[in-house]
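Reviewing the structure listed below.
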Amino acid sequence: DGIFLDYKSESEELLLLAPENFVGKHIGEVLPEKLALLTLEKMGLLFATGQVQVYDYSIQQNGQTKHYENRLVLSGDNQILSIIRDITSSKEAEEKIKRLTHAIEQTKVSIIITDISGKIEYFNPMFSHITGYAYEELKGKDVNIISSGSPNEKVRDEMWQMIKTGKDWSGEFLNKKKNGELFWVSANISPIFNNNGEIINYIAIEEDIT
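If you're matching positions, the sequence shown starts at -10 in our numbering and goes up one per residue.
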């Protein structure tokens, strides 16, 4: 019926309110209205289908926005166990990634990410706009596919020698579009490291300076 039978955590700091504010009271009495309605809706689905219900919600707590995941499971005779997990850190990281992705896709310079052997793993829309290649055409291909050839050989050798040691490199390349047209770019290329300090990718930021 939506009445709290128990409410606890190993760390009471994780609780929305002290347990005595919940036990014996209806969900609608203690939870914010929208969250109470959502919870009651998920409870109805749980009893109707018998399937675990998982949903996220956000609330204001101690002056900041906190994000939680709630997992509702049937427990005993007409009882529900609600397992709540704080996902604030992961939500904030997710939002940070979204903002970064948006910035990369909107920027007016080309951004290319390759694996350690130079195979293309990602490039942004500006790179596609300049070169004429769709992502599907270049995914997994060697980044040298856009090289104009001999004018770049010495420069690329120097670049690879430097970035493989973990250093950044800056310089210019003469590249070739899908239609064969040549264009100059000013490039900054850097290694990307994992938590163990190992190089796992390279990222190039290129500006058309033709």
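Idealized CB from N, CA, C, for every residue including glycine.
*Residue from Y46, E142, F172, I189 whose Cα sits closest to the Cα of D75*: Nearest of Y46, E142, F172, I189 to D75, Cα basis: Y46.
*L70 - DSSP class collapsed to helix/strand/coil*: Residue state, collapsed to three classes: strand.
_Closest residue to R145 among N177, D(-5), L4, N10 (Cα-Cα distance)_ = Answer by Cα proximity: N177.
*asked:* Just to confirm my understanding: we take W158, look at its own chain, exclude 5 residues before and 5 after, and list those with CB closer than 7 Å. What are they?
replied: Hits under 7 Å: M148, M151, I152, I178.
*Is any beta-carbon of chain B found at less than 8 Å from that of D75?*
Absent from the structure is chain B; it holds one protein chain and no more.
*So what does DSSP say about K80, is it helix, strand or coil?*
Shown here, K80 sits in a helix according to DSSP, grouped into three states.
*asked:* According to DSSP, simplified to helix, strand and coil, what is I16?
replied: Looking at I16 - three-state DSSP - the assignment turns out to be helix.
*On the three-state DSSP scale, how would you describe G(-9)?*
Reduced to three states, the DSSP call for G(-9) is coil.
*asked:* Using only the alpha-carbon positions, how far apart do L61 and E83 sit?
replied: Near 24 Å, if we compare the C-alpha coordinates of E83 and L61.
*In chain order, what residues of the same chain lie with their CB nearer than 8 Å to the CB of F182, ignoring the 5 residues before and after it?*
Same-chain partners within the cutoff: G155, I188, I189.
_Can you give me the C-alpha to C-alpha distance between K165 and N185, rounded to a whole angstrom?_
Looking at the two C-alpha atoms, the distance is approximately 36 Å.
*Pull up the distance between the alpha-carbon of K80 and that of H56, whole angstroms please.*
Near 7 Å, if we compare the C-alpha coordinates of H56 and K80.
*Would you mind sorting N113 into buried or exposed? The rule is 16 or more other CB atoms within 10 Å of its CB.*
The Cβ neighbour count for N113, taken over all protein chains shown within 10 Å, is at least 16; the residue is labelled buried.
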